[in-house]
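Heads up: the structure comes next, in structure tokens.
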Amino acid sequence: METVIHVTGAGVVSAVGCGQGETLDALRRGRSGIAPVRYLRTEEKAFPVGEVKLSDAEMAARCGAPQDLSRTSLMGILALEEALAQAGLKDLAGVPLVGGTTVGGMDLTERIFPAYSPLHDCGASTDAIAAHFGGAPWATTLSTACSSAANAVIFGANLIRSGQAEIVAVGGSESLSDFHLHGFGSLMILDTAPCRPFDATRAGLNLGEGAAFLILESEASRKRRGAASLAVLSGFGNACDAFHQTASSENGEGAFLAMQKALKMAGLRPEDIDYVNAHGTGTPNNDASESAALRRVFGEQMPPVSSTKAFTGHTTSASGSIEAVFCLLALQEGFIPANLNCIMPYRGGDASCPAPTLKHILCNAFGFGGNDSSLLFSR
Amino acid sequence: MMRKVYVHARCELMPGDPEPDYRSLFSVMEARRMGRLLKRAVWTSAEALKAAGIVVPEAVVIGTDFGCIENSESFLKALKGLEDAPLRPTHFMQSTHNTIASLIAIRLGCHGYNATYSHRGRSFESALQDAATQIALGDIDNALVGWFDEMTPNLSESLLSQGIEPKEHALAVVLSANPEGALDILSF
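Listed in order, the protein sequences are those of chains A and B. 295 is the number of the first residue of the first sequence in our numbering; add one for each residue after it. 787 is the number of the first residue of the second sequence in our numbering; add one for each residue after it.
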């Protein structure tokens with residue numbers, strides 16, 4: 295890419311912790327956050343979930359936000375607060391906000407339906423996050439199911455490449471809801487046991503929740519502000535599988551094209567990639583399709599591949615930015631997050647190991663409808 | 787350095803317009819599975835692409851202010867026991883905002899860039915900005931951009947109470963880097 299795009303701040307909230315410190319500790323120790331339902335208001339207790347271990351009231355108290363916000367907004371505020379602080383920003387003045395969500399305020403609406411919460415929709419969810427930080431010059435929201443946050447990163451990067459912005463806050467947030475727990479249940483893709491991405495016995499995903507935001511910044515802006523660069527977004531790709539509304543194609547066409555575009559944009563060859571943080575949901579279909587795509591990109595030279603979904607559950611719309619933060623931590627700290635629960639590797643995914651020379655990491659996020667995106671971070 | 791972006795075709799169905807003859811596009815079975823919003827989206831997209839002389843666009847970017855509300859409500863009604871109906875996976879699948887862009891891409895066999903924006907009154911503007919930015923950067927040469935919304939009594943009531951006018955949308959435009967035969971130039 296001709297324009298250098300720095301990541302100068304990151305913030306993350308997921309089942310394994312609040313903030314980069316707790317997250318790093320859990321990833322290093324192999325501590326999963328998947329457990330029986332504790333916070334979600336639901337009668338459906340058969341499926342383990344990756345909940346953020348804070349009630350709405352506890353989240354609101356932590357960040358000083360009103361308690362009646364959606365959980366999606368509360369988690370987004372916690373994550374963005376950390377990202378802004380790391381980037382040395384005190385608010386969103388001059389910083390457009392590009393969010394990603396699908397659930398939005400469904401957690402509020404499902405309690406009162408057939409009435410709607412005024413905070414129901416995706417835009418209201420992002421606007422509430424912006425309002426907490428004094429408002430952004432403008433905000434928008436990507437909603438491409440489970441790749442929403444990854445696509446928010448891509449749009450933000452294009453704003454910088456085209457000179458429409460020098461600095462942007464990008465990411466996504468998604469809370470668990472009874473609606474989408476039952477939705478995924480109706481598709482028969484939830485596992486009643488902890489998920490096992492890339493394992494031969496994998497039988498479905500566990501839903502999770504969380505949020506993560508990144509501050510993307512041009513070289514000129516970073517220098518002027520004296521902000522440190524955590525990593526560079528050296529490439530990205532978005533492609534459509536165009537196969538089925540919820541299933542992935544056998545040959546992983548969309549995933550293949552997304553990874554290939556990211557490599558091409560970065561001017562890198564497949565052998566330059568040191569680690570792939572896979573989408574790896576743990577469903578038989580996703581992992582088979584993604585494996586086919588990985589084989590098409592990397593052939594015999596497969597780099598270490600792992601899915602972190604067994605730590606967090608599938609954080610759906612937020613997964614793209616949450617796992618991007620995991621990749622930033624891996625790059626900075628020199629380790630590869632483990633592929634937990636993979637006892638019988640279906641394709642050799644297990645890769646818990648120190649890797650002090652990590653330079654280039656691909657991070658995949660795929661969504662229903664074949665919305666496949668891949669981000670490439672470099673040190 | 788940035789390229790200019792041109793509008794090449796525009797097809798819109800207004801809320802009161804009669805439903806077009808969908809028989810050229812869908813079989814009876816397909817039409818039955820699809821709600822009015824999806825049918826309008828596929829039809830306006832097909833018409834706009836035809837007018838622009840493009841078979842498969844390089845990107846599909848959709849804006850939807852509030853998403854696929856009818857299917858969300860059907861699933862919620864079953865979930866809350868407001869209707870004596872089972873939870874239907876089709877309602878869940880077609881409740882996600884990106885189901886429109888996904889369906890268009892599947893029907894066109896379009897493997898290019900695909901995205902959906904849902905941010906109230908800014909949704910279509912964002913979709914246009916995204917597509918136009920990529921054309922201006924030279925990443926793509928053309929894009930199908932749409933704006934699709936449906937309304938239900940419950941959502942309309944909620945929006946009115948917030949001072950927002952409930953509006954349905956069915957609009958498809960084709961953007962291109964090619965100035966020849968353009969209807970307009972896009973400033974963004």
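Quick reminder that beta carbons are idealized off the backbone N, C-alpha and C, glycines included.
According to the Cβ coordinates, are residue i and residue j closer than 8 Å?
{"i": "A/SER467", "j": "A/LEU413", "result": "no"}
{"i": "A/ALA587", "j": "A/MET638", "result": "no"}
{"i": "A/VAL301", "j": "A/LEU508", "result": "yes"}
{"i": "A/GLY664", "j": "A/ALA536", "result": "yes"}
{"i": "A/ARG503", "j": "A/LEU470", "result": "In the sequence as presented, Arg is not what sits at residue 503 of chain A; that position holds Glu. Taking 8 Å as the Cβ cut-off, A/GLU503 and A/LEU470 qualify as a contacting pair."}
{"i": "B/GLY949", "j": "B/PHE910", "result": "no"}
{"i": "A/ASN445", "j": "B/ALA922", "result": "no"}
{"i": "A/ALA422", "j": "A/GLY305", "result": "no"}
{"i": "B/ARG874", "j": "A/SER667", "result": "no"}
{"i": "B/LEU961", "j": "B/LEU835", "result": "no"}
{"i": "A/ALA354", "j": "A/LEU368", "result": "yes"}
{"i": "B/ARG822", "j": "B/GLU936", "result": "yes"}
{"i": "B/GLY932", "j": "B/ALA845", "result": "no"}
{"i": "A/VAL389", "j": "A/ALA451", "result": "no"}
{"i": "B/LEU969", "j": "B/ARG789", "result": "no"}
{"i": "A/SER672", "j": "A/THR395", "result": "no"}
{"i": "A/HIS654", "j": "A/ASP581", "result": "no"}
{"i": "A/TYR410", "j": "B/SER944", "result": "yes"}
{"i": "A/CYS489", "j": "A/ALA659", "result": "no"}
{"i": "A/SER483", "j": "A/THR577", "result": "It should be noted that the sequence gives Ile, not Ser, for residue 483 of chain A. Closer than 8 Å, so yes."}
{"i": "A/THR366", "j": "A/ASP401", "result": "yes"}
{"i": "B/PHE974", "j": "B/ALA913", "result": "no"}
{"i": "A/ASN500", "j": "A/HIS426", "result": "no"}
{"i": "A/SER601", "j": "A/GLY546", "result": "no"}
Would you decide whether residue i is buried or exposed? Buried here means 16 or more other CB atoms lie within 10 Å of its CB.
{"i": "B/LYS825", "result": "buried"}
{"i": "B/VAL841", "result": "exposed"}
{"i": "A/ASP362", "result": "exposed"}
{"i": "A/GLU337", "result": "exposed"}
{"i": "B/LEU868", "result": "exposed"}
{"i": "B/VAL814", "result": "exposed"}
{"i": "B/LYS953", "result": "exposed"}
{"i": "A/ALA320", "result": "buried"}
{"i": "A/ARG332", "result": "exposed"}
{"i": "A/THR317", "result": "buried"}
{"i": "A/GLY642", "result": "Unreliable placement is indicated for A/GLY642, whose pLDDT of 43 sits below 50; no coordinate value is reported for it."}
{"i": "B/ILE971", "result": "exposed"}
{"i": "B/THR830", "result": "buried"}
{"i": "A/ILE406", "result": "exposed"}
Could you give the DSSP three-state label for residue i: helix, strand or coil?
{"i": "B/TRP933", "result": "strand"}
{"i": "A/ILE461", "result": "strand"}
{"i": "B/TYR792", "result": "strand"}
{"i": "A/ASN445", "result": "helix"}
{"i": "A/THR602", "result": "coil"}
{"i": "B/ASN964", "result": "coil"}
{"i": "B/ASN857", "result": "helix"}
{"i": "A/ILE616", "result": "helix"}
{"i": "B/ASN884", "result": "coil"}
{"i": "B/ILE890", "result": "helix"}
{"i": "A/THR435", "result": "strand"}
{"i": "A/SER583", "result": "helix"}
{"i": "A/GLY663", "result": "helix"}
{"i": "A/ASP362", "result": "coil"}
{"i": "A/THR302", "result": "strand"}
{"i": "A/SER672", "result": "strand"}
{"i": "A/TYR569", "result": "strand"}
{"i": "A/PHE427", "result": "coil"}
{"i": "B/PHE852", "result": "coil"}
{"i": "A/SER646", "result": "At A/SER646, the pLDDT of 49 sits below 50, so the modelled position is not reliable and the matter cannot be decided from this model."}
How would you list, in chain order, the residues of chain C whose beta-carbon sits under 8 Å from the beta-carbon of residue i?
{"i": "A/GLY548", "result": "Here the protein chains are A and B, and chain C is not one of them."}
Mind listing which residues of the region 522–535 of chain A have their C-beta closer than 8 Å to chain B's C-betas, in chain order? ASN532, ALA533, CYS534 and ASP535
Within the region 897–942 of chain B, note down every full beta strand (DSSP E) run reaching 3 residues or more, in order along the chain. 899–903 and 928–935
If the cut-off is 9 Å on Cβ atoms, which residues from the region 455–466 of chain A count as contacting chain B, listed in chain order? ARG455, SER456, GLY457 and GLN458
For the region 405–435 of chain A, which residues have a beta carbon sitting closer than 9 Å to at least one beta carbon of chain B? PHE407, PRO408, ALA409, TYR410, SER411, PRO412, HIS414, ASP415, CYS416, GLY417, ALA418, THR420, ASP421, TRP432, ALA433, THR434 and THR435
For the region 935–962 of chain B, list every residue whose C-beta sits within 7 Å of some C-beta in chain A, in sequence order. ASN940, LEU941, SER944 and GLN948
Which whole runs of the beta strand (DSSP E) in the region 497–531 of chain A are 3 residues long or more, in chain order? 504–512
Of the residues that make up the region 903–917 of chain B, which ones have a beta carbon closer than 7 Å to any beta carbon in chain A? TYR903, SER904, HIS905, ARG906, ARG908, SER912 and ASP916
By the 8 Å beta-carbon criterion, what residues does the region 538–568 of chain A contribute toward chain B? HIS538, GLN539, THR540, GLU547, GLY548 and LEU551
In chain order, what are the residue ranges of uninterrupted beta strand (DSSP E) at least 3 long that sit wholly in the region 311–343 of chain A? none
For the region 479–506 of chain A, which residues have a beta carbon sitting closer than 9 Å to at least one beta carbon of chain B? GLY479, SER480, LEU481 and MET482
For the region 812–833 of chain B, which residues have a beta carbon sitting closer than 9 Å to at least one beta carbon of chain A? none
Residues of the region 921–935 of chain B whose Cβ lies closer than 7 Å to any Cβ of chain A, in chain order: ALA922 and LEU923
Please give me, in chain order, every unbroken run of the alpha helix (DSSP H) with length at least 4 that falls completely inside the region 788–846 of chain B. 814–819 and 822–838
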